[in-house]
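Student: Its first residue numbered 19, the sequence shown is counted upward by one per residue in the numbering used here.
No residue lacks a Cβ here, since even glycine has one placed at the ideal position from N, Cα and C.
None of the values given here were measured: they were computed from a predicted structure.
I'd like to ask you about the structure that follows.
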Amino acid sequence: MGEPAFLILTALAAEPKHGYAVIEDVLDISGGQVRLHTGTLYSVLDRLREGGLIAVDREEVVASRLRRYYRLTGVGQERLAAESARLRRNADAATARLSGFALRPGTGAA
19 MGEPAFLILT ALAAEPKHGY AVIEDVLDIS GGQVRLHTGT LYSVLDRLRE
69 GGLIAVDREE VVASRLRRYY RLTGVGQERL AAESARLRRN ADAATARLSG
119 FALRPGTGAA
């Protein structure tokens, strides 16, 4: 699973959200490091829907425009939990290996 999909699922784990709210939440979750463009967002949302990981929660019209809210499905919750565990294992492995790696001050290299 790519980072955008992981972050979108994470954003939707809290509550159903519409597209702009997902973009803002992903920016917040990532500490300002990941800014999704609308084209990326909607292509990932389409893939997640096709995979059964998210579903449309509801739609409303705001200022003459359709606003669609998405929610995480049970399958999406399971997949997000599995991906979180996988990433945690990988991060733990990297941390363990780095603990024995002494950086020389000011060089950024050993």
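Report the option in Pro22, Val80, Glu68, Leu90 whose CA atom is closest to the CA atom of Gly57.
Tutor: Numbered from 1 along the sequence shown, position 39 holds the residue referred to as residue 57. Here the closest residue by C-alpha is Pro22.
Student: What three-state label does DSSP hand Arg76 in the structure shown?
Tutor: If you number the sequence shown from 1, residue 76 lands on position 58. DSSP places Arg76 in strand when its eight states are reduced to three.
Student: May I have the straight-line CA-CA distance separating Arg86 from Pro34, to the nearest angstrom?
Tutor: By one-based count along the sequence shown, residue 86 stands at place 68. By one-based count along the sequence shown, residue 34 stands at place 16. Rounded to the nearest angstrom, the two C-alpha atoms are 10 Å apart.
Student: Can you look up Arg85 in the DSSP assignment and give me helix, strand or coil?
Tutor: Residue mapping note: residue 85 aligns to position 67 of the sequence shown, counting from 1. Note: Arg85 maps to strand in three-state DSSP.
Student: Leaving aside the five residues before and after Leu66 along the sequence, list all residues of the same chain whose C-beta is less than 6 Å from its C-beta, in chain order.
Tutor: The residue given as residue 66 occupies position 48 in the sequence shown. So the qualifying residues of the chain are Ile72.
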